[in-house]
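Trainee: Mapping the sequence shown onto the working numbering, position 78 (from 1) lands on 71, and the numbers just tick up by one.
This is the structure, below, for whatever I ask next.
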Amino acid sequence: MTAPLTLRPIGPDDQTPWRALWRAYLAFYETELGDEIYATSFARLCDPEVTDYHGLLAERDGQVLGLVHYIYHRHGWHIAPVCYLQDLYTVPEARGQGVARALIEAVYAAADRDGAASVYWTTQSGNATARALYDQVAEVTDFIKYARVTA
């Protein structure tokens, strides 16, 4: 029998597993970030004074299997803030075991608890594995993301 999955906020003692998971997530998207970004992001996730940026870890049998980061922000179309699910990652050996779905549902629950008007996220169009799950738990939109080109 499989042990239950535990979801919990990222805490000060989680820097090593969090960093490994986030590094793997960023590598999937062919992105590397400097140490200052890691340190700042982790400090924000653990700071009780930061109320717009949150993170959760998924664990089973003491092994960290996944993470999610989510951000609340204002939106011109809503009075209440909206929730942007920014990063979602599950270790390869735990995929297909409900970890990502549980993390998404935990963000939905937090957004509901906190009065967010909606929850949204983006992914690459070719991310077929993730999109198979996303199609079950959300509605795909017609919007295309644009980003400013930086020098």
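All C-beta atoms, glycine included, are put in the ideal place defined by N, C-alpha and C.
#1: Quick check on the DSSP output: what are the complete alpha helix (DSSP H) runs of length 4 or more inside the segment 42 to 123, in order along the chain?
#2: Find the nearest neighbour of V112 within the set R67, G27, D28, judged by alpha-carbon distance.
#3: Leaving out five residues on either side along the sequence, give the residues of the same chain with a beta carbon under 6 Å from the beta carbon of K138.
#4: Going by other Cβ atoms of all chains shown within 10 Å of its Cβ, with 16 needed for buried, is Y7 buried or exposed?
#5: Can you tell me whether G59 is buried or exposed? The criterion is at least 16 other CB atoms within 10 Å of its CB, across all chains shown.
#6: Does the count of Cβ pairs from the segment 118 to 130 and the segment 78 to 97 closer than 8 Å reach three?
#7: Quick check on Y22: buried or exposed, where buried means 16 or more other Cβ atoms within 10 Å of its Cβ?
#8: Output needed for V16: all residues of its chain with C-beta closer than 7 Å, excluding positions within five of it in sequence on either side, in chain order.
#9: Rounded to whole angstroms, what's the CA-CA distance from V84 to A51? Just pull it up for me.
Mentor: Put simply:
#1: The qualifying runs are 92 to 106.
#2: Nearest Cα to V112 within the set R67, G27, D28: R67.
#3: Cβ within range, chain order: T115.
#4: In the sequence as presented, Tyr is not what sits at residue 7; that position holds Asp. So D7 counts as buried.
#5: G59 counts as buried, since no fewer than 16 other beta carbons sit within 10 angstroms of its beta carbon.
#6: They touch, by the three-pair rule.
#7: Under this definition Y22 is an exposed residue.
#8: A small correction: the amino acid at residue 16 is Arg; Val does not occupy that position in the sequence shown. None.
#9: Those two C-alpha atoms are separated by around 10 Å.
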